[in-house]
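Residues -18 to -1, 1 to 89 in mature numbering (1 follows the signal peptide of the UniProt record, and there is no 0) are what the sequence shown spells out, letter by letter.
Yeah, the Cβ is synthetic: ideal placement off N, Cα and C, and Gly gets one too.
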Amino acid sequence: MQKSVAYAFMLAATLGLAACDKPSENKAEDAQEARTEAQESMNDAAEESNEAAQKEAEAAQERADEQQENSQQSMPEDSAPGDTSVPATPPAVPTEPGAPADPTKQQ
């Protein structure tokens, strides 16, 4: 009878240990899954960032094109697009020697 009880305890202990999962295995699997999910999230974020940068670049290009069109439309027709010269001022009126330069300012 002692042998049968000993065998029963041995069988119960063996089945009990076999039924238990090792926590280290679960943690390793969970860590691998979390790492995979984090990598996927990073890839998605990078893709969204690239898309946003592309849209921003397109919008900036459109704004630049509009500004260029507006500046070309507001230019007088007789001036060249690259002409940035300032219109000449009228020549100064020569005064007589000994006369004040400004008639309103007398000595």
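>> If you reduce the DSSP assignment to three classes, tell me which class M(-9) lands in.
In response: The residue given as residue -9 occupies position 10 in the sequence shown. Correct three-state label for M(-9): helix.
> Starting from D(-18) and walking both ways along the alpha helix (DSSP H), at which residues does that stretch end?
Replying inline: As a working mapping, residue -18 is identified with position 1 in the sequence shown. Just to set this straight, residue -18 is Met in the shown sequence, not Asp. Run containing M(-18): none; DSSP gives neither H nor E here.
>> So for M24, helix, strand or coil by DSSP?
In response: By 1-based counting over the sequence shown, the position of residue 24 is 42. Assignment of M24 by DSSP, reduced to helix, strand and coil, places it in the helix class.
> Nearest-angstrom Cα distance between A13 and E40?
Replying inline: Your numbering for residue 13 matches position 31 in the sequence shown. Your numbering for residue 40 matches position 58 in the sequence shown. A13 and E40: Cα-Cα distance of roughly 40 Å.
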